Every structure is written in C-alpha cells, then in structure tokens.
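Taking our numbering as reference, the numbering of the sequence shown is continuous, increasing by one, and the terminal residue is 306. Okay, structure first, notes after.
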Amino acid sequence: MKTSRWIAALYIGPAVLVMAAACLYPVLSAFQLAGYDWSMGTPWASAQWVGLDNVVQAFGNPRVWNSLLTTLLFAAVCVTAEMLLGIALALALEKPVKGMSFFRTLFILPMMIAPIAVGLTWRYIFDAQFGLANAVLKLLGLSAQTWLADPQLAFMAIVIADIWQWTPFVFIMMIAALAGVDHSVIEAARIDGASWWQQTLWVKLPMVMHVIAITLMMRLIDAFRVLEVIYVLTFGGPGDSTEILALHIYKTAFVGQQLGVAAAISILLLLVVTVLSLGALRLSNPMKGEPQ
Numbered sequence: 015m016k017t018s019r020w021i022a023a024l025y026i027g028p029a030v031l032v033m034a035a036a037c038l039y040p041v042l043s044a045f046q047l048a049g050y051d052w053s054m055g056t057p058w059a060s061a062q063w064v065g066l067d068n069v070v071q072a073f074g075n076p077r078v079w080n081s082l083l084t085t086l087l088f089a090a091v092c093v094t095a096e097m098l099l100g101i102a103l104a105l106a107l108e109k110p111v112k113g114m115s116f117f118r119t120l121f122i123l124p125m126m127i128a129p130i131a132v133g134l135t136w137r138y139i140f141d142a143q144f145g146l147a148n149a150v151l152k153l154l155g156l157s158a159q160t161w162l163a164d165p166q167l168a169f170m171a172i173v174i175a176d177i178w179q180w181t182p183f184v185f186i187m188m189i190a191a192l193a194g195v196d197h198s199v200i201e202a203a204r205i206d207g208a209s210w211w212q213q214t215l216w217v218k219l220p221m222v223m224h225v226i227a228i229t230l231m232m233r234l235i236d237a238f239r240v241l242e243v244i245y246v247l248t249f250g251g252p253g254d255s256t257e258i259l260a261l262h263i264y265k266t267a268f269v270g271q272q273l274g275v276a277a278a279i280s281i282l283l284l285l286v287v288t289v290l291s292l293g294a295l296r297l298s299n300p301m302k303g304e305p306q
C-alpha cells in the first residue's frame with residue numbers, strides 16, 4: 015500500500031510542483047511588490063522600500079471600499095442568477111427530446127466567445143442611439159434609455175452581459191452532474207408517490223450538491239476577477255458606479271502607475287475570494303459521503 019502511494023506521488027509530483035510554482039510565485043511577488051514604490055518601465059533596482067505605506071494608502075482610500083462593495087453586489091446578483099438559470103435549464107433539457115441537442119449547443123455558445131468580443135457586442139446592444147435594447151423598447155412603446163450613461167442602468171448592463179456569458183457554464187456542469195444521477199433512486203421516489211418537484215428538490219439536487227458547490231465556488235472566483243467585459247463596456251463608469259475591484263486594480267497599476275498600491279489591493283481581493291470560496295465549500299460540505 016505504501017509503495018503504491020509513493021508511485022502515485024511520483025506520477026503526480028511534477029504536475030503538483032508546476033501548479034504550486036505557478037500559483038505561489040505571483041502571490042509572493044504581489045506581497046513583495048506591496049512593500050515597494052515602483053513604476054513600470056523603471057529598473058527594479060530603483061524601487062524604494064516603503065513598508066506598509068502602500069497598504070495604508072490602499073485601505074484608506076474610500077474608492078477601494080466602494081469598488082469592493084460594487085464587486086460584492088455584482089458577484090451576488092450575477093452568481094445567484096446564473097446558478098438558478100443554469101440549474102433550471104439543465105433540468106428542463108435533461109431528458110433526451112427531439113431537438114434538444116441543438117438547444118444544448120446553442121446555450122453554450124456565449125461562453126465560447128472572447129470576453130473582449132462580448133464587451134463590444136453588448137456595448138453596441140446598449141448604444142443609446144443605434145442599440146438593439148432601445149429598438150426593442152421603442153417597439154414596446156417605451157422610451158429609449160441612456161443605458162451606459164446612467165449609473166443604475168450601466169450596472170444592470172454589466173450584470174446582463176455576465177449572466178448571458180456564464181450561465182452556460184453552470185448549465186454544462188449541471189447537465190453533466192444530472193447525467194450521473196442514479197435513476198433507480200429517482201424511480202423509487204416516483205413509485206413512492208413523489209411529484210416532479212419533490213423528486214427534484216429532495217432527491218436530484220441533494221445528489222449533485224457537491225457539483226453545485228464546486229460550480230458556485232468557480233463562478234464566485236470568476237465574478238471577482240472579471241475585467242475585460244466591464245473594461246470594454248463601461249470602463250467603470252459612469253463615475254465609478256461599475257468599477258469593480260479588479261478594474262480598480264488595473265487603473266491603479268497601469269493608469270496611475272502605482273504598482274505597489276495595486277499589489278496591496280490585489281492581496282485584499284485574494285483574501286476576499288479565498289474566504290468566500292472556503293465558505294461556499296463548507297456550506298455544502300461537498301466531500302461528505304464521498305468514499306475515503
């Protein structure tokens with residue numbers, strides 16, 4: 015038994031080392047950079063050690079906390095909607111029905127599009143003069159809206175774009191999970207008189223809860239680090255109403271040339287994502303009942 019474990023460790027060891035290096039090096043570099051005053055384009059030897067000044071400046075900036083609140087709201091709305099829609103679509107398209115292969119393929123197309131292209135597409139859709147969104151409103155007899163110039167509507171725009179792009183990811187994960195459900199258990203519940211809703215809520219979903227937890231964690235992480243779509247769609251505007259923390263880090267680093275401060279903020283983002291991810295895993299305890 016011990017020999018087989020050593021053999022397994024030898025096989026996966028190189029991959030684990032590469033993954034550890036790929037993950038740890040950027041994190042350690044961020045911690046190092048957070049202690050220096052350094053501008054891009056200048057030699058690293060010219061960087062000045064400032065201690066915790068960057069951390070104090072970052073955490074004392076109200077704009078950072080506003081961006082964090084915007085990110086939390088964005089992640090909460092998007093991930094909740096994506097999980098609900100993805101699970102609902104998976105349940106609706108679970109059974110093999112004529113034409114379902116086409117719809118399954120259609121639903122996963124948005125996540126295959128590059129984020130920059132997604133941002134440009136939705137920017138044109140929400141264009142105040144020529145956008146499809148206002149064209150639909152006019153057909154319904156409603157007045158056109160300045161989508162990207164109004165803080166609330168702009169936030170709604172980035173939420174819609176994210177839901178459209180990433181609901182298919184939840185759909186794919188749930189379709190795969192539901193395909194692995196033991197149908198004899200479902201049949202037993204049906205014979206016992208359970209309705210479709212009861213079978214779904216009390217049998218199917220609990221059996222795939224570990225997949226739901228993993229999917230939730232992955233979507234939380236992605237929602238906190240989304241950048242390209244919002245960069246192209248609103249660039250954080252109007253004002254800073256759609257400036258999530260990742261975009262604020264980008265602006266601080268590459269527009270303001272405050273790389274040390276940006277590194278300090280990125281550490282805050284890392285801590286928030288880590289806490290939320292661990293919370294998502296512990297909430298559902300996805301490893302419960304798995305064979306040891």
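Note that beta-carbon positions come from the ideal geometry of N, C-alpha and C, so glycine has one too. All figures in this text were calculated on a predicted structure; none of them were measured in a lab.
Here Q179 is buried, its C-beta having at least 16 other C-beta atoms within 10 Å. Q62 is bridged by DSSP to D51. Between F238 and V286, the C-beta spacing is below 8 Å. It is roughly 40 Å from the alpha-carbon of L83 to the alpha-carbon of I26.
Boundaries of the alpha helix (DSSP H) around S115: 114–122.
Looking only at T85, A48, R77, the smallest Cα-Cα distance to D67 is reached by A48. Pairing I279 with I263 gives a Cβ-Cβ distance under 8 Å. When rounded, the separation of the alpha-carbon atoms in Q213 and L219 is 9 Å. With contact defined as three or more Cβ pairs closer than 8 Å, the region 92–107 and the region 266–283 are not in contact. Using a 10 angstroms sphere on the CB of V150, the tally of other CB atoms stays under 16, which defines it as exposed. Assignment of Q143 by DSSP, reduced to helix, strand and coil, places it in the coil class. CA-to-CA, the gap between A142 and A158 works out to about 7 Å. Around the C-beta of K265, 16 or more other C-beta atoms lie within 10 Å, and the residue is accordingly described as buried.
Annotation: A203 to W210 spans about 10 Å, alpha carbon to alpha carbon. If you draw a straight line from the Cα of V173 to the Cα of L192, it comes to about 27 Å. Residue environment for S18: exposed (fewer than 16 other C-beta atoms within 10 angstroms of its C-beta). The C-alpha of G155 is placed about 29 Å away from the C-alpha of I244. Boundaries of the alpha helix (DSSP H) around V173: 165–193. Distance between M125 and V132, taken at the CA atoms: about 9 Å. Taking C-beta separations shorter than 7 Å and ignoring five residues to either side along the sequence, the partners of V78 in its chain run A72, H262, I279, following chain order.
In this structure, the CA atom of A44 is about 49 Å from the CA atom of P110.
The residue from C92, I21, M187 with its alpha-carbon nearest to that of V225 is M187.
Contact annotation: T256 and F140 have beta-carbon atoms that are not nearer than 8 Å.
Boundaries cannot be given for Q271, as no alpha helix (DSSP H) includes it and DSSP labels it neither H nor E.
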